[in-house]
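Single-structure report; data block below.
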Amino acid sequence: MNIFRLCGDLSHLLAILLLLVKIWKTRSCAGISGKSQILFAIVYTTRYLDLFTSFVSIYNSVMKIVFLSASYGTLYLMFYKFKPTYDHNHDSFRILYLIVPALVLSFVIVHAYTLMEVLWTYSIYLEAVAIMPQLFMVSRTGEAETITSHYLFALGSYRALYILNWIYRYYTEDFLDLIVIIAGIVQTILYCDFFYLYITKVLKGKRLSLP
Amino acid sequence: ESFKVQHDEL
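This is the structure in structure tokens:
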């Protein structure tokens, strides 16, 4: 554990809880992509199956349980409790275009051919692109609520902080997992456009709207 | 084959 990873994890946690609280408080999931949330639920499920097979630390296990619960809680709020507020007309990204290539790639580039390892790798590839339906939705509606912008910024920062963590781990403990590093870089690049808008607009008190 | 990769991150 180092400061970069801890900050990354806390940023990830903040993002997930921010979204949950936002939906709960406003009684609405308008502007949130249900498809991205479905992808994140698949990501957490396939990655954290190892809760049952390998123990790293209490910290890791608790975080995994929180991520899984919050993810399914978000799906429950979006597709059941506040379903009438779900803006499915603007959530039109075809997620099979992400699900299938990620699955194929996880069979091609993987550390070891075991079920758990392929599922873990799949979760890494899918996570890298899981935000695309949400970003697509923002670009279609041309705007995002400020709280949604904070959510996206925290979620994007998490993998950027993990990149610093991997650089640190490379020099301090010879850690080098190219699968997760390259996927993490791709994931962070996808947010760059959004980061720019967030810094130039949202942080100056303006609403995020596209020109 | 009991090869297992250790993943210690989230």
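Sequence order for the protein chains is V and G. The opening residue of the first sequence carries number 6 in our numbering; numbering runs sequentially from there. The opening residue of the second sequence carries number -12 in our numbering; numbering runs sequentially from there. Virtual Cβ for every residue (Gly too), placed ideally from N, Cα, C.
Asked	Found
Got a sec: which bits of the segment 113 to 139 of chain V sit with their beta carbon under 9 Å from any beta carbon on chain G, in order along the chain?	H116, A117, Y118, T119, M121, E122 and W125
Could you please give the first and the last residue of the uninterrupted alpha helix (DSSP H) stretch that includes M137/V?	M137 to T146
Which two residues bound the contiguous alpha helix (DSSP H) that contains Y176/V?	T151 to E178
Whose Cβ in chain G lies nearer than 9 Å to the Cβ of N65/V?	D(-5), E(-4) and L(-3)
Compute the Euclidean distance between the alpha carbons of A188/V and L215/V, then round it to the nearest angstrom.	27 Å
Going by beta carbon distance, what residues of the same chain come within less than 6 Å of L160/V, once the five residues before and after it are set aside?	A20
What residues from the segment 41 to 61 of chain V come within 9 Å of chain G, judged by C-beta to C-beta, listed N to C?	R52, Y53, D55, T58, S59 and V61
So, helix, strand or coil for L213/V, using DSSP?	strand
Report the rounded CA-to-CA distance for A107/V versus D182/V, giving the unit in angstroms.	18 Å
Quick check: the segment 24 to 31 of chain V against the segment 59 to 68 of chain V, are at least 3 beta-carbon pairs closer than 8 Å?	no
So, helix, strand or coil for A20/V, using DSSP?	helix
With distance defined between alpha-carbon atoms, name the residue in T58/V, G78/V and L56/V nearest to F45/V.	G78/V
Which runs of the beta strand (DSSP E), 3 residues or longer, sit entirely within the segment 33 to 76 of chain V?	none
Check whether the Cβ atoms of L124/V and L54/V sit closer than 8 Å, and answer yes or no.	yes
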